[in-house]
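> Below you'll find the structure I mean.
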Amino acid sequence: MKIKPLADRVLVQPTAAEEVTASGIIIPDSAKEKPLRGTVLAVGNGTKDEQMVLKEGDKVLYGKYAGTEVKLDGEKVLIMRQNEVFAVIED
């Protein structure tokens, strides 16, 4: 299935949460924090008041409670407004 976000929304694939700490302790699913990083899968066209600055493939940081979780081909992805993204990670 293909999703095209509208207006100033973006589709983000969250980065998987770490399952093992540096000391080797395994973290159960119930104790994992929601990931705050992800990769932009698709972007809308922006609005007349807000130009779309994100593009597909950007690695981003976003807020803990940002976006709405949806299932896309069996995977959880987030759909959020561009202004919920804090920063683009540049390698």
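Counting with our numbering, you get residues 13 to 103 for the letters of the sequence shown.
Note that the Cβ used here is the ideal one computed from N, Cα and C, for glycine as well.
#1: Smallest Cα separation from Ala26: which of Gly58, Glu81, Lys14?
#2: On the DSSP letters alone, give me the boundaries of the beta strand (DSSP E) that Tyr74 sits inside.
#3: Would you report the Cα separation of Lys83 and Ile101, rounded to the nearest angstrom?
#4: Between Glu62 and Lys76, what straight-line distance do the alpha-carbon atoms span, to the nearest angstrom?
#5: Who are the near neighbours of Thr59 in its chain, counting only those whose CB is closer than 8 Å to its CB and skipping five residues on each side?
#6: Exposed or buried, Asp103, counting other C-beta atoms within 10 Å across all chains shown (16 or more means buried)?
#7: For Ala54, count neighbouring C-beta atoms within 10 Å of its own C-beta (all shown protein chains included) and say buried if the count is 16 or more, exposed if not.
#8: Secondary structure at Glu62, three-state DSSP: helix, strand or coil?
#9: If I'm right that Val24 touches Val65 with Cβ under 8 Å, what's the distance once you round it to whole angstroms?
According to the structure data:
#1: Counting from 1 along the sequence shown, the entry for residue 26 is found at position 14. Before going on, a small fix: residue 26 reads as Pro here, not Ala. That would be Glu81, whose Cα lies nearest to the Cα of Pro26.
#2: Along the sequence shown, one-based indexing puts residue 74 at 62. Run containing Tyr74: 71-74, per the beta strand (DSSP E) assignment.
#3: Here residue 83 refers to the residue found at position 71 when the sequence shown is read from its first residue. Here residue 101 refers to the residue found at position 89 when the sequence shown is read from its first residue. When rounded, the distance between both Cα atoms is 25 Å.
#4: Counting from one through the sequence shown, the residue named residue 62 turns up at place 50. Counting from one through the sequence shown, the residue named residue 76 turns up at place 64. For Glu62 and Lys76, the distance between alpha carbons rounds to 23 Å.
#5: Your numbering for residue 59 matches position 47 in the sequence shown. Cβ-Cβ distances below 8 Å link Thr59 to Ala19, Asp20 in the same chain, with the five nearest sequence neighbours on each side left out; the list follows chain order.
#6: Position 91 of the sequence shown, counted from the first residue, corresponds to residue 103. By the 10 Å Cβ count, Asp103 comes out exposed.
#7: Here residue 54 is taken as the residue at index 42 of the sequence shown, counted from 1. Label assigned to Ala54: buried.
#8: Walking along the sequence shown from the start, residue 62 turns up at place 50. DSSP places Glu62 in coil when its eight states are reduced to three.
#9: Reading the sequence shown from its first residue, position 12 is the one you call residue 24. Reading the sequence shown from its first residue, position 53 is the one you call residue 65. Not confirmed; about 14 Å, so no contact.
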